[in-house]
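Trainee: Okay, so the sequence shown: first residue is 0 according to numbering that gives the first Met the number 0, each after it adds one.
Glycine included, every Cβ here is placed at the ideal spot set by N, Cα and C.
None of these values were measured; they are calculated from a predicted model.
Mind looking over this structure? Questions follow.
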Amino acid sequence: MALIVHKYGGTSMGSPERIRNVAKRVAKWARAGHQMVVVPSAMSGETNRLLSLAKEVAPSKHTDAVLRELDMIAATGEQVSVGLLSLALQAEGMEAVSYAGWQVPIKTDSSYSKARIQSIDDVRVRADLEAGKVAIITGFQGVDDQDNITTLGRGGSDTSAVAVAAAMRADECLIYTDVDGVYTTDPRIVPEARRMARISFEEMLEMASLGSKVLQIRSVEFAGKYRVPLRVLSSFTPWDISIDEEARSGTLITFEDDEKMEQAVVSGIAFNRDEAKITVVGVPDKPGIASRILGAVADANIEVDVILQNVSHGGKTDFSFTVHRNDYQKTLDLLKSGVVASLEAADVVGDTRICKVSIVGIGMRSHAGVASTMFRTLADEGINIQMITTSEIKTSVVIDEKYMELAVRALHKAFALDESQTAV
Ligand code: ADP
Ligand code: ASP
Ligand code: MG
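Written out as structure tokens, the structure is:
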């Protein structure tokens, strides 16, 4: 007997029929003798619907007071899901009980819309499991120490599931979704993408942080920190396939540093359309400028990603960086309202029509020339690179958003990742 956590995403929970299907699958695992905790997301489209309702009622600035209410609203999607799934399990003849985040409780900090889990008390849930019940816990939400409902950021149910698995020392956390594993890139963009049977934790972390939304980055961080065995697999296989077959399907996130394994130089390609570029034009090229610009941005709690400072001409330079699109206007306003004047900069301009495309692979550590293959491939397609950033196991470029699909497809082919190509 094992303790297993299942997570089902929005599409997997997308209709009454799909919810009944989830219940049948979970019941199969429970009947095989496993203790089952299930973490579902809101039904697909529901979180968007709730947030746009809020926007219709009052399109307002994102103050803390507003964000608190947005979390209150968005969290209801998952509450409906746990109730429905519990009903469906009961209809299957199982004993099941649902919990909202605050009932567990899943304690978080108070950063509304991007709260971090601080602790999970598993006493109630464990008692249910001991009593032979299936426990169903809301994804995406928690409660802060003032009893305010919080949410963990878009895609946060992955993180809820892995955090619950870590807290309960589950034997495995299975993330059921609408694809049958982690692919070399998003199969919606590149139909030739290949499923990986295994991916190293480090690569998964990079892929998630660079925009592959198949797993929320924080869930991968949790899995790494607590060594949670994690697998991504499809919820669309027939529910009655054997547990053995199911448990071997999808993609396993591995923690072994398997040096003997023949590593592909580039394992995957990620892209991110959520960023925007800001350029402070004509700043004096002297010490302290970067710190004053980025210091002001950091003080406003805005995260900066790619940074680029150009060579100076006549003592003046341009300083560019990217932020999340949600923070774009706030950053522009902030710089325009003070920093630009105090720095004697000529102007501050922005561009939201950018995207970041990244190649990822631990094999890049031991191979030179990978970045240049990337740049040549993009040049051959006539794609201009606006910014570049590299680390040991990734190279990212910022390009015009309209070339994103072309860039991803060309790179996928150039690094021999297509299904029909042999891995290099
Ligand atoms: P869920 O609702 O189950 O959480 P998500 O939409 O959050 O599902 O994540 C699954 C989606 O992630 C897939 O449908 C796919 O389009 C996308 N995706 C992006 N990158 C990848 C990748 N490298 N491998 C697999 N899926 C990916
Ligand atoms: N329902 C939330 C979202 O749409 C959380 C999730 O699905 O993981 O972002
Ligand atoms: Mg998701």
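1. Might you give, ordered along the chain, the residues of its own chain that have their beta carbon closer than 8 Å to the beta carbon of Leu52, omitting 5 neighbours on each side?
2. Does any heavy atom of the ligand NAP sit closer than 8 Å to the C-beta of Gly314?
3. Classify Pro190: buried if its beta carbon has 16 or more other beta carbons within 10 angstroms, exposed otherwise.
4. If you draw a straight line from the alpha carbon of Gly82 to that of Arg30, how long is it in whole angstroms?
5. Which residues bound the alpha helix (DSSP H) around Gly204?
6. Is the beta carbon of Val303 less than 9 Å from the beta carbon of Leu293?
7. Just to confirm the assignment, what range does the beta strand (DSSP E) spanning Thr150 have?
8. Among Phe254, Thr150, Ala130, which one has its Cα closest to the Cα of Ser110?
9. When you compare the CB positions of Gly13 and Tyr175, do they come within less than 9 Å of one another, or not?
10. What do you reckon, are the CB atoms on Val348 and Thr278 nearer than 9 Å?
11. When the Cα atoms are used, what is the spatial distance from Val142 to Gly360?
12. In the structure shown, what three-state DSSP assignment does Gly337 receive?
13. Spatial neighbours of Ser311 within its chain, please: C-beta separation below 7 Å, excluding the five flanking residues on both sides.
14. For my contact list, Ile384 and Leu377 are in at a C-beta cut-off of 8 Å; report their separation, rounded to the angstrom.
15. State the Cα-Cα distance for the pair Glu171 and Lys355, rounded to the nearest angstrom.
16. Nearest-angstrom Cα distance between Lys329 and Ala289?
17. Give the secondary structure of Arg187 by DSSP, where H, G and I count as helix, E and B as strand, and everything else as coil.
18. Starting from the C-beta of Tyr98, find all residues in its chain whose C-beta is less than 6 Å away, skip the five residues before and the five after it, and write them out in chain order.
19. Closer than 8 Å to a non-hydrogen atom of the ligand ADP - does that hold for the CB of Arg187?
20. Our contact map puts Ser218 next to Val161 with C-beta atoms below 8 Å; I'd like the distance itself, whole angstroms only.
21. Kindly indicate which three-state DSSP category His323 falls into: helix, strand or coil?
22. Rounded to the nearest angstrom, how far is the Cβ of His5 from that of Met35, given a contact under 8 Å?
23. Which term fits Ile433, buried or exposed, when burial requires 16 or more other beta carbons within 10 angstroms of its beta carbon?
24. For Thr425, collect the residues of the same chain with a Cβ closer than 6 Å to its Cβ; drop the 5 residues on either side in sequence, then sort them by chain order.
25. Could you check what DSSP says for His5 in three-state terms: helix, strand or coil?
26. Quick one: Cα of Lys393 to Cα of Met203, how far?
27. Just to check, is the beta-carbon of Asp179 closer than 8 Å to a non-hydrogen atom of the ligand MG?
28. The ligand MG and Val213: does the residue's C-beta get closer than 8 Å to at least one heavy atom of that ligand?
29. Measuring CB to CB, does His61 end up less than 9 Å from Ser112?
30. For the structure I just gave you, are there three or more beta carbon pairs, one from the stretch 120-139 and one from the stretch 151-158, closer than 8 Å?
31. Give the DSSP bridge partners of Arg197, in chain order.
32. Given the structure, does Gly92 come close to the ligand ASP, in the sense that its CB is under 8 Å from one of the ligand's heavy atoms?
33. Give me the Cα-Cα distance between Gly225 and Val213, rounded to the nearest whole angstrom.
34. Should Gly9 be counted as a contact of the ligand MG given a C-beta to heavy atom distance under 8 Å?
35. Select from Ile105, Ser199, Ala95 the residue whose C-alpha is nearest the C-alpha of Glu129.
Mentor: Taking the geometry as given:
1. Ile72
2. With respect to small molecules bound, the structure shown includes the ligand ADP, the ligand ASP and the ligand MG and not the ligand NAP.
3. exposed
4. 21 Å
5. Residue 204 is actually Leu in this sequence, not Gly. Start and end: 200-208.
6. It is a contact, given that the beta carbons lie within the stated cut-off.
7. 148-150
8. Thr150
9. no
10. It is a contact, given that the beta carbons lie within the stated cut-off.
11. Spanning the two alpha carbons is a distance of roughly 37 Å.
12. Of the three classes helix, strand and coil, the one that applies to Gly337 here is helix, per DSSP.
13. Asp284
14. 6 Å
15. 33 Å
16. Using only the alpha carbons, I get a separation of about 18 Å.
17. coil
18. Ile136
19. yes
20. 4 Å
21. In this structure, DSSP gives His323 an extended state, which the three-state scheme calls strand.
22. 7 Å
23. The requested residue 433 is not part of the displayed model; the chain covers only 0 to 423.
24. With the chain represented from 0 up to 423, any question about residue 425 goes unanswered, as that position is not in the structure.
25. strand
26. 12 Å
27. Incorrect: Asp179 has no Cβ contact closer than 8 Å to the ligand MG.
28. yes
29. yes
30. yes
31. Leu251
32. no
33. Checking the sequence, you will find Tyr at residue 225 rather than Gly. Spanning the two alpha carbons is a distance of roughly 20 Å.
34. yes
35. Ala95
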